[in-house]
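Peer 1: The structure that follows is given in the form of structure tokens.
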Amino acid sequence: MIYVVQGGDTLERVADRFGSSVARLLEVNVICDPQWILVGQPLLIPDAGIDYQRAGGYPYYVVQYGDTITCLAPRFHQTPAALAASNRLPIAAPLTVGSELLAGFSVPDPARLASEWQQTASSAACDLNSMQQHGIYYIGSFQWETLGEAAVPYLVPLLKHACETVRYYAVMSLGRIATGNATRAALESATQDQTPYVSELAKLALRRAKLVPEVTKRVHLLTADQRLYSEPNGSSTSIPLPAGTEIFSMRWNIPSSTNEEGPRGGLEYYDQVQVRSTGQVGYLGRVGFNDAQMI
7 MIYVVQGGDT LERVADRFGS SVARLLEVNV ICDPQWILVG QPLLIPDAGI DYQRAGGYPY
67 YVVQYGDTIT CLAPRFHQTP AALAASNRLP IAAPLTVGSE LLAGFSVPDP ARLASEWQQT
127 ASSAACDLNS MQQHGIYYIG SFQWETLGEA AVPYLVPLLK HACETVRYYA VMSLGRIATG
187 NATRAALESA TQDQTPYVSE LAKLALRRAK LVPEVTKRVH LLTADQRLYS EPNGSSTSIP
247 LPAGTEIFSM RWNIPSSTNE EGPRGGLEYY DQVQVRSTGQ VGYLGRVGFN DAQMI
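As structure tokens, then:
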């Protein structure tokens with residue numbers, strides 16, 4: 007189940023209330039300092055016999071009080087050096103509370119990654135199966151993000167690839183990077199792509215690239231029409247949010263509070279977000295292979 011932290015709660019009190027232990031809650035939630043839990047934070051209280059991903063981080067993580075790279079890294083199955091490198095930070099750097107980290111991705115060899123993207127979709131036919139689209143291109147968009155603006159020279163040629171799927175995910179990668187003049191220039195050119203869904207994504211990505219320097223990297227834009235649920239389950243009350251809605255990330259990778267099945271088996275996962283224009287907080291469901299429909 008998912009419990010939302012209330013005023014006066016401590017991790018020990020929550021554990022006692024639900025017949026769990028602090029150690030078990032630390033095992034299934036991304037928490038560095040057990041003295042710090044926040045009002046409104048969704049906590050996973052694990053049910054027996056259910057195999058959960060750790061709640062709170064993936065593909066991103068929002069930094070909380072007490073967090074350090076050394077503490078967070080093993081929670082994302084990374085070394086401190088790998089987590090620091092993927093966020094272009096020194097290992098010992100103090101983390102800014104409320105900032106957003108990439109979680110669970112290693113820095114790739116950019117030439118090799120570009121070659122893989124070029125060769126997997128070798129023609130305009132874009133004959134890709136769902137595993138290739140997810141494992142190479144969707145996951146790859148986060149790998150490109152680890153490189154930051156250094157990825158742009160490798161992504162620009164991919165914007166001219168014959169396969170529209172490659173162009174789409176190249177745009178998505180640039181939208182994840184979202185900083186630098188070269189990034190914005192590449193996205194400007196991609197808004198002229200002949201494939202409508204690629205050019206529309208480029209417009210959203212360009213909006214984000216203009217927002218991030220002024221606001222925070224925690225601002226994301228929905229890439230598809232979605233529903234904002236009041237709880238992390240598809241039976242809770244919800245409102246529609248159109249593609250292009252600006253949201254702030256709050257907590258990532260929250261399992262369904264009712265253990266509902268995801269679109270490809272396993273558990274359904276949600277992301278806790280706040281709508282920028284209204285301040286409303288809720289949950290967006292993942293799709294496909296646990297993919298978040300936002301940039």
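Following this note's numbering, the numbering of the sequence shown begins with 7 at its first residue and continues without gaps.
Where is the CB? At the ideal position from N, CA and C, for every residue including glycine.
This one's a predicted model, so the numbers in the text were calculated from it and none came from an experiment.
Rounding to the nearest angstrom, what Cα-Cα distance links I1 and S128 in this structure?
Peer 2: Because residue 1 is not part of the residues shown, which for the chain are 7 to 301, the question remains open.
Peer 1: Mind checking which residues open and close the beta strand (DSSP E) that includes N314?
Peer 2: For residue 314 there is no data in the structure shown, the boundaries of the chain being 7 and 301.
Peer 1: Hey, how far is the Cα of T197 from the Cα of S179?
Peer 2: Those two C-alpha atoms are separated by around 14 Å.
Peer 1: Could you tell me if Q35 is buried or exposed, where buried requires 16 or more neighbouring beta carbons within 10 angstroms of its beta carbon?
Peer 2: Reading the sequence as shown, one finds Asn at residue 35 and not Gln. By the neighbour-count rule (16 or more Cβ atoms within 10 Å), N35 is buried.
Peer 1: Given A140, which residues of its chain have a CB within under 6 Å of its CB, disregarding the five upstream and five downstream residues?
Peer 2: Note on residue identity: the sequence assigns His, not Ala, to residue 140. Excluding positions up to five away in sequence, the list reads F295.
Peer 1: Does H140 come out as helix, strand or coil in the three-state DSSP assignment?
Peer 2: It is helical.
Peer 1: Looking only at its chain, what residues have a beta carbon closer than 7 Å to the beta carbon of E266, apart from the 5 residues adjacent to it on each side?
Peer 2: So the qualifying residues of the chain are N239, G240, E274.
Peer 1: Comparing the CB of E106 with every heavy atom of the ligand MN, is any distance shorter than 6 Å?
Peer 2: The ligand MN is not among the ligands present in this structure, which contains no ligands whatsoever.
Peer 1: Within 10 Å of its beta-carbon, does I261 have 16 or more other beta-carbons around it, so buried, or fewer, so exposed?
Peer 2: Going by the sequence as given, residue 261 is Pro instead of Ile. Burial call: buried.
Peer 1: For M137, count the other beta carbons within 10 Å of its own beta carbon; 16 or more makes it buried, fewer makes it exposed. Which is it?
Peer 2: By the 10 Å Cβ count, M137 comes out exposed.
Peer 1: If distances are taken between C-alpha atoms only, which option among D39, V293, G250, W150 comes closest to Y71?
Peer 2: Out of D39, V293, G250, W150, D39 has the C-alpha closest to the C-alpha of Y71.
Peer 1: Using 10 angstroms around the beta-carbon of R23, count the other beta-carbons present and answer buried if the total reaches 16, otherwise exposed.
Peer 2: With fewer than 16 Cβ atoms within 10 Å of its Cβ, R23 is classed as exposed.
Peer 1: Pull up the distance between the alpha-carbon of L44 and that of A79, whole angstroms please.
Peer 2: Distance between the alpha carbons of L44 and A79: 21 Å.
Peer 1: Hey, out of V10, P52, T74, I37, whose CA is closest to G25's CA?
Peer 2: With distances taken between Cα atoms, G25 lies closest to P52.
Peer 1: With I75 and P86 assumed to form a contact (beta carbons below 8 Å), what rounded beta-carbon distance in angstroms separates them?
Peer 2: Yes, I75 and P86 are in contact; Cβ-Cβ is about 5 Å, under 8 Å.
Peer 1: Could you tell me if N93 is buried or exposed, where buried requires 16 or more neighbouring beta carbons within 10 angstroms of its beta carbon?
Peer 2: By the 10 Å Cβ count, N93 comes out buried.
Peer 1: In terms of residues, what are the limits of the alpha helix (DSSP H) holding D22?
Peer 2: First-last of the alpha helix (DSSP H) with D22: 17-23.
Peer 1: Whole angstroms is fine: what's the gap from G186's alpha carbon to E220's?
Peer 2: Their Cα atoms are separated by approximately 12 Å.
Peer 1: Got a sec, what are the start and stop residues for the beta strand (DSSP E) G104 sits in?
Peer 2: Where G104 is concerned, there is no enclosing beta strand (DSSP E), given that its DSSP letter is neither H nor E.
Peer 1: Rounded to a whole number of angstroms, what is the C-alpha to C-alpha distance between T152 and T264?
Peer 2: For T152 and T264, the distance between alpha carbons rounds to 34 Å.
Peer 1: So A303 and V158 are supposed to be a Cβ contact under 8 Å. How far apart are they, rounded?
Peer 2: Residue 303 falls outside the range modelled here, since the chain spans only 7 to 301, and no answer is possible.
Peer 1: Which complete alpha helix (DSSP H) runs does the stretch 172-239 hold, if anything under 4 residues is left out?
Peer 2: The stretch 172-239 contains these whole alpha helix (DSSP H) runs: 187-196, 202-217.
Peer 1: Got a sec, what are the start and stop residues for the alpha helix (DSSP H) P48 sits in?
Peer 2: P48 -> not in any alpha helix (DSSP H); beta strand (DSSP E) instead, spanning 48-50.
Peer 1: Would you give the residue range spanned by the alpha helix (DSSP H) that I318 belongs to?
Peer 2: Limits of the chain in this structure are 7 at one end and 301 at the other, which puts residue 318 out of reach.
Peer 1: For S303, does the three-state DSSP call read helix, strand or coil?
Peer 2: Look at the range of the chain in this structure, 7 to 301, and you will see that residue 303 is not part of it.
Peer 1: Is it buried or exposed, Q84, if we count other Cβ atoms within 10 angstroms and call 16 or more buried?
Peer 2: With 16 or more other Cβ atoms within 10 Å, it is buried.
Peer 1: When we look at the beta-carbon of N135 and count the other beta-carbons within 10 Å, is it buried (16 or more) or exposed?
Peer 2: By the neighbour-count rule (16 or more Cβ atoms within 10 Å), N135 is not buried but exposed.
Peer 1: Note down the Cα distance separating D73 from G46, rounded to an integer number of angstroms.
Peer 2: The alpha-carbon atoms of D73 and G46 are separated by roughly 18 Å.
Peer 1: Can you tell me whether P269 is helix, strand or coil according to DSSP?
Peer 2: Strand, per DSSP.
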